[in-house]
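Enquirer: One structure is given below, represented as structure tokens, and several questions about it will come after.
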Amino acid sequence: MTLRFYDSATASVRDFTPVHPGEARIYYCGATVQGAPHIGHVRSGLVFDQLSRWLTYRGYKVTTVRNVTDIDDKILVNSTASFEPDFTGEHPAEEWWALAYRFERVFGAAYASLNIAPPTYEPRATGHIPEMFALIQRLIDRGHAYPATDGCGDVYFDVRSWENYGALTRQKIDDMQDAPDADPRGKRDPRDFALWKAYKEGEPVTASWDSPWGKGRPGWHLECSAMAGKYLGETFDIHGGGLDLRFPHHENEMAQSQAAGYGFANFWMHNGLVNYEGEKMSKSIGNIITPAQMLEAARPLVVRYYLGQAHYRSVLDYHPTSLEEARVAVERVEAFLAATRDYHREDAAVPEAFAEAMDDDLNIPKALAALHAGVRAGNAALAAGESAQDAAEQVYAMAKVLGLVELMSFSQAGAAANEPGEHAALDSLIQTMLTQRAEAREAKDWARADQIRDALAAAGITVKDGASGSTWSL
RNA sequence: GGUGGGGUGGUCGAGUGGUUAGGCAACGGUCUGCAAAACCGUGUACGCGGGUUCGAAUCCCGUCCUCACCUCCA
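Numbers 1 to 474, taken from this note's numbering, label the letters of the first sequence in order.
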């Protein structure tokens, strides 16, 4: 079995052949830090985290780049400042850059809480203005970009000059529906898009850079082309992002970079979106679910399992019962691993069925079937009084490569509840009650035994009677 | 109008010609004082209409419905 992925550009599953043998270089679109993330953003980050982990397991040296778009129309709109720098600390409003930094950290915290590994590089658009100048100049020199014909100071990409425009999404320029509010300005074609946006009266001066074509700021699509090239080279392996970015963003990126003479991405991988009971999540509908809200409803382990359980290309439709179902499923795995801690080995191999599923365009639903089969086999062995070592090693390896292990209670550094100290008294109290119950059971005083069990249950504590005594869990 | 996805048993969700995907829920059994947990077992699905085939969820034709993108969007 060879590793293969679905490539959006060719609409087909292709064998993965890296540009540089043994390496995998991946660029995927991160956030425009104009506001707080919703779980759709997190799903995208999670998908490419899963991909990176699998490629790493397969022995590739993985380099990932996830950009931060920290200059954009919406960031300016959402900031409430007067747009002038203020060092007094008395300014009541928030400057655009402060807003961008603030939300960049909110995104970072959301990723971290779900054990989504940070990318190798996380470049900010504002830190790569010179690279963008160079790319614009190169496009002008090659006849694929031009300063606005009305002298407004914008620089546009000339879509008619690039015969492959539309190749990524297999669309013809003339078939595209005109935008209802198409503003031709100084464009040769309404489809031409801005590489550089000229400074306009009323905008913050701090959000403007001096370019050879006048003061202004970069167009959104240009940022990614410039940064991908800088960190990953002219031609790299995989470009990812949400399905909604295929057009125009990725189409434009591809056109810019290839028109500039670069190979750009060999594979385009797009993750499906998250719906809420059949509807796309969006601010206008008001059905947004944030990571913070989800983490109030469930543990990070459960949220990660839930968001990562579907195939990455399918729509993930959230229902109110979804998290509870995920909880039961993943805690089964957790309980098995907690009971077989002696067999956790960092170098353990994943079973073949799991590996084949993962190699096949990251078929995680199928891989999860292997995970659950392993848990069942392990539990069956335990129930039969046999060794669960083989199953435990494999299940651990699978949970590890899926990024779940670090979020499980037995391995978490932050499993503070298990540490002695403030909870010691509580543990002691529960142990006392279990001892009393054991005595009652010994005396076959079932009423008394059940009374104690009910009392613990009322406090959210589940009692399990085993051969070697009773245990409890929250 | 263009482009690309979907419609699978109670539910979520895999599956490109013929053997059980899997999870959750449900039911029966083992275990247990009773439970819980665990294990064993049960469900016989594939939008609709044709066609190809010994055989189709899977291929072909038609048809209905639905989602996304074409405007900022993970």
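All C-beta atoms in this analysis are idealised placements derived from N, C-alpha and C, irrespective of residue type, glycine included. These numbers were taken from a predicted model, which means no experiment stands behind them.
(1) Which residue spans inside the segment 379-439 form an unbroken beta strand (DSSP E) run of at least 3?
(2) Excluding five sequence neighbours on each side, which residues of the same chain lie with their C-beta closer than 7 Å to the C-beta of LEU243?
(3) Which residues bound the beta strand (DSSP E) around ASN67?
(4) Note down the Cα distance separating ALA494 from ALA298, rounded to an integer number of angstroms.
(5) Mapping DSSP to helix, strand and coil, what is VAL315?
(6) The alpha helix (DSSP H) with ASN78 in it runs from where to where?
(7) Given that a residue counts as buried once 16 or more other Cβ atoms are within 10 Å of its Cβ, and exposed if not, what is LYS172?
(8) Put SER481 into one of helix, strand or coil per three-state DSSP.
(9) On the DSSP bridge list, what partners appear for SER161?
(10) Would you kindly report the start and end of the unbroken alpha helix (DSSP H) that includes HIS41?
(11) Taking only three categories from DSSP, how would you classify ALA167?
(12) Kindly list the residues whose CB is nearer than 6 Å to the CB of ALA228, restricted to its own chain and excluding five residues on each side of it in sequence; keep chain order.
(13) Using a threshold of 8 Å, state whether the C-beta atoms of SER470 and LEU434 are closer than that.
(14) Give, in chain order, every unbroken run of the beta strand (DSSP E) that is at least 3 residues long and sits entirely within the segment 219-245.
(15) Judging by CA-CA distance, which residue of PRO212, LEU307, TYR312 is the nearest neighbour of PRO51?
(16) Return helix, strand or coil for ASP15, following the three-state DSSP convention.
(17) Does the structure place the segment 306-320 close enough to the segment 340-351 that three or more beta carbon pairs sit under 8 Å?
(18) Just the C-alpha distance for LEU245 and TRP268, rounded to the nearest angstrom, thanks.
(19) Helix, strand or coil: how does DSSP classify GLY469 here?
(20) Can you give me the C-alpha to C-alpha distance between TRP162 and ALA134, rounded to a whole angstrom?
(21) Count the other CB atoms within 10 Å of the CB of SER12; is the residue buried (16 or more) or exposed (fewer)?
(22) Just to confirm the assignment: which complete beta strand (DSSP E) runs, minimum length 3, are found wholly within the segment 246-329?
(23) Give the C-beta separation of TYR231 and VAL65 to the nearest angstrom, bearing in mind that I take them to be a contact with Cβ-Cβ under 8 Å.
(24) What does TYR101 pair with, by DSSP beta-bridge criteria?
(25) Since LYS74 and GLN137 should fall inside the 8 Å C-beta cutoff, what is the C-beta to C-beta distance between them, to a whole number of angstroms?
(26) Tell me whether ALA198 sits in a helix, a strand or coil according to DSSP, three-state version.
(27) Whose C-beta lies closer than 6 Å to the C-beta of TYR111 among residues of the same chain, with five residues either side of it excluded?
(28) Which term fits THR32, buried or exposed, when burial requires 16 or more other beta carbons within 10 angstroms of its beta carbon?
(29) LYS464: which of ALA438, ALA447, ASP445 sits nearest, CA to CA?
(30) Which residue comes first and which comes last in the beta strand (DSSP E) that contains ASP7?
(31) For the pair the segment 279-295 and the segment 326-345, tell me if three or more CB-CB distances fall below 8 Å.
(32) Mapping the DSSP letters down to three states, classify LYS187 as helix, strand or coil.
(33) Nearest CA to the CA of TYR199: which residue from GLY186, HIS319, TRP213?
(34) First and last residue of the alpha helix (DSSP H) that includes GLU356?
(35) Look at the Cβ atom of ILE452, then the Cβ atom of ALA440, and state whether they are nearer than 8 Å.
(36) What's the C-alpha gap between CYS152 and LYS197?
Expert: On the basis of the data shown:
(1) Fully enclosed beta strand (DSSP E) runs of 3 or longer: not present.
(2) If we look at LEU243 and ignore the five residues flanking it on each side, its Cβ neighbours are HIS270, ASN271, GLY272, LEU273.
(3) For ASN67, there is no enclosing beta strand (DSSP E), since its DSSP letter is neither H nor E.
(4) Given a span of 1 to 474 for the chain in the structure shown, any question on residue 494 remains unanswerable.
(5) Looking at VAL315 - three-state DSSP - the assignment turns out to be coil, as it is neither helix nor strand.
(6) Its alpha helix (DSSP H) spans residues 73-78.
(7) Exposed, since its Cβ has fewer than 16 Cβ neighbours within 10 Å.
(8) The structure shown does not extend to residue 481, since the chain is modelled only from 1 to 474, so the question has no answer here.
(9) Per DSSP, none; premise fails for SER161.
(10) It spans 39-57 - the alpha helix (DSSP H) in which HIS41 sits, taken as one unbroken run.
(11) In this structure, ALA167 counts as coil in the three-state DSSP scheme.
(12) Shown here for ALA228: same chain residues with a beta carbon closer than 6 Å to its own, the five before and five after excluded, namely TYR27 in chain order.
(13) If you check the CB distance, SER470 and LEU434 come in under 8 Å.
(14) Taken in chain order, the complete beta strand (DSSP E) segments of 3 or more residues contained in the segment 219-245 are 235-242.
(15) A small correction: the amino acid at residue 51 is Leu; Pro does not occupy that position in the sequence shown. Nearest neighbour of LEU51 by Cα position, chosen from PRO212, LEU307, TYR312, turns out to be TYR312.
(16) Three-state DSSP puts ASP15 in a strand.
(17) Contact fails: fewer than three Cβ-Cβ distances are below 8 Å.
(18) The straight-line gap from Cα to Cα measures roughly 11 Å.
(19) In the three-state reduction of the DSSP assignment, GLY469 falls in the strand class.
(20) The straight-line gap from Cα to Cα measures roughly 19 Å.
(21) Of the residues assessed, SER12 falls on the exposed side of the cut-off, its CB having fewer than 16 other CB atoms within 10 angstroms.
(22) If we require 3 residues or more, the beta strand (DSSP E) runs fully inside the segment 246-329 come out as 264-271, 274-276, 316-318.
(23) About 5 Å separates the CB atoms of TYR231 and VAL65; that is less than 8 Å, so the two are in contact.
(24) For TYR101, which the question treats as bridged, DSSP gives no partner whatsoever.
(25) Between GLN137 and LYS74 the Cβ distance is about 27 Å, and since that is not below 8 Å, they are no contact.
(26) Under the three-state reduction of DSSP, ALA198 is assigned to strand.
(27) Result list for TYR111: GLY45, in chain order.
(28) THR32 should be labelled buried.
(29) With distances taken between Cα atoms, LYS464 lies closest to ALA438.
(30) From DSSP, the beta strand (DSSP E) with ASP7 extends over 4-7.
(31) Contact between the segment 279-295 and the segment 326-345 is absent, because fewer than three Cβ pairs lie under 8 Å.
(32) Per DSSP, reduced to three states, the secondary structure at LYS187 is coil, with no helix or strand assignment.
(33) The shortest Cα separation from TYR199 among GLY186, HIS319, TRP213 belongs to TRP213.
(34) GLU356 -> alpha helix (DSSP H) spans 352-359.
(35) With contacts defined as CB atoms closer than 8 Å, ILE452 and ALA440 qualify as a contacting pair.
(36) CYS152 and LYS197: Cα-Cα distance of roughly 9 Å.
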